[in-house]
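Some notes on the structure that comes next.
Number of protein chains: 2
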Amino acid sequence: LVCRSNISVYGSWKWGPNGHGAILLVNCDSESTYKKTLDSEVDEISKVSDLQDMSKMILRTNGPAELPEGYKLTMHISQTTSESVRVFRPQTNVQKDNVWKHKLLKLFLKDYIMVVGTDMLTQKVPYLGGKTELEFFVEGLHFPDRDFDGLITINLSLLEPCGKDFPETPVFTDKVVFHVSPWIMTPNTLKPVEVYVCSTNDNYSFLKSIKNLVEKCGYKLKICHEYMNRGDRWMQDELEFGYIDSPHHQFPVVLDSPRDGDLQDFPYESILGPDFGYVTRHALNEKVSSLDSFGNLEVSPPVTVNGKSYPLGRILIGVAFPTATRGRNMTQVVQDFLWAQKVQEPIALYSDWLVVGHVDEFMTFVPAPDRKKFRLLLASPDAGYKVFKSLQNNGHGKAEMFPGLPEAISVNEILSDKKLQAENRYVQNCIDWNRDVLKKELGLDDEDIIDLPILFKVLEEKTYPRAVAYYPDMVNMIVLGDQLGIPKPFGPKVNGRCALETEACSLLEPLGLKCTFIDDLTPYHKLLGEVHCGSNVLREPSPFKWWNLEL
Amino acid sequence: LVCRSNISVYGSWKWGPNGHGAILLVNCDSESTYKKTLDSEVDEISKVSDLQDMSKMILRTNGPAELPEGYKLTMHISQTTSESVRVFRPQTNVQKDNVWKHKLLKLFLKDYIMVVGTDMLTQKVPYLGGKTELEFFVEGLHFPDRDFDGLITINLSLLEPCGKDFPETPVFTDKVVFHVSPWIMTPNTLKPVEVYVCSTNDNYSFLKSIKNLVEKCGYKLKICHEYMNRGDRWMQDELEFGYIDSPHHQFPVVLDSPRDGDLQDFPYESILGPDFGYVTRHALNEKVSSLDSFGNLEVSPPVTVNGKSYPLGRILIGVAFPTATRGRNMTQVVQDFLWAQKVQEPIALYSDWLVVGHVDEFMTFVPAPDRKKFRLLLASPDAGYKVFKSLQNNGHGKAEMFPGLPEAISVNEILSDKKLQAENRYVQNCIDWNRDVLKKELGLDDEDIIDLPILFKVLEEKTYPRAVAYYPDMVNMIVLGDQLGIPKPFGPKVNGRCALETEACSLLEPLGLKCTFIDDLTPYHKLLGEVHCGSNVLREPSPFKWWNLEL
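Each protein sequence line maps, in turn, to chains A and B. In this text, residue positions in the first sequence follow our numbering: the first is 1, and each later residue adds one. In this text, residue positions in the second sequence follow our numbering: the first is 1001, and each later residue adds one.
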C-alpha cells in the first residue's frame, strides 16, 4: 500500500510525524476522463498516466491455492464514502498476448475496471491463491469540505458460504483509512516557477517591465492573451495557485474564483491539464462581491503562535467586520472550503473598508534573512505623512507628487489638505485593526513588520465611505525570491530621485531585497489595481509534508 | 460566564478534564416559543423559565463612567454561526415600576431582546460604566451534525469613532467559544426513571405484567393509550431517549425516529414539554426502512478499548453489511446525526439478516457486579440446540415446546428438522460476525458475553432469506436495574418448569439479576416483536460529564 512511510498502515488515521494512515489525491487534473463501455457497463481508466494520480493499494494474501468452495473476498465501502472515492483494478481476464498487443497499438491504453465507487458499494475481488499481491488503484473525487472531513475507509471481507439457500456471511474484515490531500496554498517565500500576466491593448510597457524582471530572475512567464482575457487584466483575482501532495505524487491545483470576470474561462481552458489540477466552488443563492476575488486570498509564510506551529503558514482572507450587516463578504462556500482544508487555518482580516476590498491592497510578505525569515509589509498612511512632512521640513515643500503629469500636486498642498488627513486617519485605524489581528494570529512582534509609506483617499459611496490608494500602492507588489516588482509611486523628486522609492528601498534593501519599480499608473492603478492584482505566481510546493502536522 | 468550572473561559475550546471553553444547550424543549412584537420587530423571550435552558454570558467591564464620545461596544457573530445561536439580554430601558407591574400581572413574563442571531449578525450593546457586569443569555438552536461541529464563537468589539463622515473602526475584540451539548444516549446500566408502554385492545395481560414489574421496582409507568397509538405498539421503535448536559442545567431529549408508524405523533405531542426536549431528522430522497426503527439503535455501557476510554459507552446501530447493494440501511441523515455527536462513537453491526432487522433482536446489555460491570447477552442458536440436545439425552425428547398450545412441537421433532438446523447455522454465522465486531469495538472477552438459547427460523423472502425468532426471543428483554422482564419462551417443561427459563435463570441469577418472564406471545411475538420492542425506558443521565472526554 502506498502510504506515508511504506510501513503497513492501520485501519485508522492519525496526524503527525508519529501518525499513520494512507493518503489519497483528488484526481482533478485533466487526464481523468472515463468512458462507459457500452457492452460491459463498467467504468474504465482510459489513460495509464492517470494511475500516477491514484494511490496504489495492495491486497496481500497468504493462503491456500484456492479458497474453499463458496468462500469469496469482497471489497466494500459505505454510501457516503462512495461519493468521494473510486477503486480500480487491472482486468485479470485479459490474456497476456492481448495486453502486449494493446501496448503496441496504443502505448497509454490499458484496461482497468472499477471495483467500488459511485453506485457500486460492494464487489467481489479475485483470490489469486498462495502468497500473492493484488494491486488496486484508489482515486479521490472530492476535496475536504464543510460536510466531508477527508477520511475514506475501504473494507475487505472474507465471506463464508452457508448452504445454497443462504447468503454468505462475513468471517473476517480488514480496512484501510485514507485521508484526501488538502488543497495547499504557497506563500511568497516559496520559490517561483512561473509568472502569469495578461496582455491587453493598453499595457505594452507594463508587460515589457514584467518580462524583463521575470527573465532576469530566470523564471518562466505565461502571457494570457486578449482573445482569452477579453480585457480583464486582474490575473490575481480570477484564480489562486495551490497544490496537493502525497508520498507518491504531487501536482499543482488551481482554485478558480467564483468572481467570474471576463477571465473566467482561463483557469479551466488554459491551466487545467495533465498534472495540473482544477477545483472551483460556486456561490449558492448569493451574489458574489469584489471580496470573492483572490487578491483577497493570501497565505502567510510558516509561523509559530504561542507554541503552536503552522509550518505551511496560515490563510488570510478579507471580510466585512464587524459591521457585517451592511458589509460585503467572501462567499460562504469558498470560506467553508478554505476552513475545511485544515492545514493552513485561515485568519479573517477586515478588508471591506476598501473600495475594491482585497487584503493585498494593504499587506504582503517578503523573505528576510533573519528573525522569522520574513517580514510583513503593511501600507501605512502614518509612514506616508512622515515622509511628506520630512520633505517639507527639509525645504522640499514645493516638490511635486506625480511630477510632470496632469495630476501633479505639491508636498505643501498635500499636507494642507485637511479632508485627506481625516480620510487617512480613518484608513490608518482600519489598518491598525488588521495589524493587531495579524500580530496576534501570526505571533508577530513590531520588529517583524515594515510600514510602507502609502496614502489613501476615501471615495464617497452612497452607503459607506470606502478607500483607494492615492498613488500607486507599493505594498501591492510581486515577490519573486529576493526580487520585488513594486508599483512605481510617482513621488516627489529629491536630487532627481523619487523620495517614496528612496524610502521603500531604505526599508527593504537591508534585508537583501532588490527593488524594481514598475510603472502601472495608467493600465492598472487608475483602474484601482496594481502590479500584484495584475499578476499571479505559480510556486514550488512547501518541502513540509502536510500529514506531518500535529492537528 | 457559565462555563464548566466557573473559571473564566478562553477564546477557544478544548476537550478533556484539563480543557476549557463554554457550554451551550439546544433549547429544544417546549417553552422555547417566541413572539414577534409587531411594533418593535424584535424577538422576545416569552417565558422566564426559558432562561434556565440558556447559558448565562457575563460582560465584565471596568472603565470610565461613560465611554468617550462616539465609542461603542458591539457584539457580532458570523453568518454561519447565526444559524445555530441566539443571544438575548434584558431590556435596560424598561422602568423598574413597569417590571414590577409585569411581575404582578404575569409571573413568568419578562422582556428580553435579541442581541445577535438569525438575520442580526451585529448589534450595539450598552456600556453601563465603571466596574459593571452585563448579563446575556445564549441559546443553542442546532445539534452538532454532518455540517456543524458544534462550536460557536461570539465576539465583542470596542469601536472607535473616526470623524462624522466615517464608520467606526474596531480597536479591541474579545471572544468566547461555546460547544453545543451533544445528544447523549443512556445504556441499560443507568438507573430507570420511567417506563413507557402502549395500551392496545389485545395486550391487557401483558400490560398488567409490565405494570406489576415496574411497580415492584418503584419506577414510574407511562401508558400511551390507543387514541394516540392507533394500534402501533412498538414503543421502542418510534423514539430513543437521551439527554443534553451543561454545568448549569440538563434535561432529557427524545430523538423521534423517521420511521413514522401510527405512533408518530406521540413523541411530539406527549413527550416534548417543559424541560423535555425533542429532536428529529427526516430522511431525504430515500424511503425509510425497518432499520430506521430505534430498536435498531442501542448504546453500550462504558467501555475501554485498547486503552481508549468511552465513559459514555458506544452507540450501536444495525446496517446492511457487507452485501449493501441489495440490503436495507439506516437512513443517512440519522447516521450522520449520530456520528456528529462524537461522544459515543457509533459501531455499525449487521442486522439486515433479520426480517425486522433490529440489533435488539440478537443482543442486549445487563448490569453485573464484576468484570466490566456489565455482560453482553447474545441470542445463540448453538446454545439453543445444546439445551434441546441435552433434554433429548436426558430422556425428555417427547417434551413439548409451546406446551398446551396449538403450535406445540416435541424436542425430538425440533432436533430432526434439517431445514431448521441449516437456517440456524446461517443465523449463528450472522450473530458470530456481530460477536467479533462487538468484541473488537467494545474490547470484550468471551467471559464478558453470555449466550442465551434462542432458535430462529428463516422466512423465504423474494430476494433474500431473512430470520425471525422461532420462539419468544429472550434477549429482547426490558432491563430495570437488577430486574429483567424477559419474553416468556414457552419451552419444554421438565419437572413442571420451562427448561429454557431454567437455563436463562442459571446464566443470569449468579450475577444478582432477577428474572421475570412475561407472556408476550400473542400481542407481540406473533407480530415479530417482543418485550423490548414494545417498551421504552427513560433513564437518569450518566454522572460522567461529556466535556471531560479526551477527544
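Yeah, the Cβ is synthetic: ideal placement off N, Cα and C, and Gly gets one too.
Residues that DSSP places opposite residue i in a beta bridge
i               : result
A1469 (chain B) : B:F1456
G585 (chain A)  : No answer is possible for residue 585 (chain A): it lies beyond the span of chain A, which begins at 1 and ends at 551.
I414 (chain A)  : DSSP, once it has assigned bridges, lists no residue as partnering I414 (chain A).
P1252 (chain B) : B:Y1243
C1224 (chain B) : B:C1198
V537 (chain A)  : A:V195
G277 (chain A)  : A:V253
G1485 (chain B) : B:I1478, B:T1516
H20 (chain A)   : A:K14
A1348 (chain B) : B:I1317
Closest Cα partner of residue i within the set the options
i               : options                            : result
K1526 (chain B) : B:V1356, B:L1378, B:E1501, B:L1511 : B:V1356
F1266 (chain B) : B:D1275, B:V1288, B:I1223, B:P1301 : B:I1223
V1177 (chain B) : B:F1294, B:L1508, B:H1020          : B:H1020
S82 (chain A)   : A:R89, A:S246, A:V334, A:L141      : A:L141
G529 (chain A)  : A:E66, A:S290, A:K389, A:R375      : A:S290
Q264 (chain A)  : A:R230, A:C515, A:Y243, A:G242     : A:R230
K1175 (chain B) : B:H1532, B:D1053, B:D1336, B:L1073 : B:L1073
H1282 (chain B) : B:L1297, B:D1256, B:N1296          : B:D1256
D1262 (chain B) : B:E1226, B:E1240, B:F1241, B:V1288 : B:E1226
L67 (chain A)   : A:K14, A:D145, A:K211, A:V125      : A:V125
P1167 (chain B) : A:A320, A:L158, A:L207             : A:A320
D1053 (chain B) : B:T1118, B:D1237, B:C1198, B:F1136 : B:F1136
V1475 (chain B) : B:I1449, B:N1495, B:L1459, B:P1492 : B:I1449
N212 (chain A)  : A:V288, A:L480, A:K457             : A:L480
Residues that residue i contacts on chain B, provided the C-beta gap is smaller than 7 Å
i              : result
R146 (chain A) : D1147
N429 (chain A) : E1160, C1162, T1169
Q344 (chain A) : None at all; the shortest Cβ gap to chain B is about 18 Å.
Secondary structure of residue i, DSSP reduced to three states
i               : result
R1230 (chain B) : coil
L1104 (chain B) : Reliability of the predicted coordinates at L1104 (chain B) is poor, the pLDDT of 36 falling under 50, and the value obtained from them is presented with this limitation in mind. Of the three classes helix, strand and coil, the one that applies to L1104 (chain B) here is helix, per DSSP.
V1319 (chain B) : strand
G1307 (chain B) : coil
H282 (chain A)  : coil
P1510 (chain B) : helix
T1522 (chain B) : coil
Q264 (chain A)  : coil
M1075 (chain B) : strand
N434 (chain A)  : helix
K1036 (chain B) : Caution applies to K1036 (chain B), whose pLDDT of 40 falls short of 50 and renders its modelled position unreliable; the model cannot decide the point.
T1463 (chain B) : coil
A65 (chain A)   : coil
V1366 (chain B) : strand
F337 (chain A)  : helix
V1042 (chain B) : For V1042 (chain B), the predicted model reports a pLDDT of 43, less than 50, meaning its position is unreliable; a value from the coordinates is still stated below. Note: V1042 (chain B) maps to coil in three-state DSSP.
K56 (chain A)   : strand
F1544 (chain B) : coil
L551 (chain A)  : coil
L1527 (chain B) : helix
Chain B residues whose Cβ lies nearer than 9 Å to that of residue i
i              : result
A379 (chain A) : In chain order: nothing, as chain B lies at least about 15 Å away.
Amino acids of chain B, ordered along the chain, whose beta-carbon sits closer than 8 Å to that of residue i
i              : result
P465 (chain A) : D1165, F1166, P1167
Q332 (chain A) : Q1079, T1080
W433 (chain A) : T1169, P1170, V1171
8 Å Cβ cut-off: residues of chain A touching residue i
i               : result
R1425 (chain B) : C162, G163
W1015 (chain B) : Within chain A, no residue comes near W1015 (chain B); the closest Cβ sits about 14 Å away, beyond 8 Å.
W1546 (chain B) : Neighbours of W1546 (chain B) on chain A: none; closest Cβ ~20 Å, over 8 Å.
Chain A residues whose Cβ lies nearer than 7 Å to that of residue i
i               : result
A1422 (chain B) : G163
W1183 (chain B) : Chain A residues near W1183 (chain B): none, gap ~19 Å exceeds 7 Å.
Residue-chain proximity (residue i, chain E), Cβ-Cβ < 7 Å
i              : result
W339 (chain A) : The structure shown has no chain E; the protein chains it does contain are A and B.
- 4 or more residues per run - each alpha helix (DSSP H) lying fully within the stretch 1369-1428 of chain B: 1381-1393, 1411-1415
- Message: At 3 residues or longer, what runs of the beta strand (DSSP E) sit wholly inside the stretch 1120-1203 of chain B?
- Response: 1122-1125, 1131-1140, 1151-1160, 1169-1180, 1192-1198
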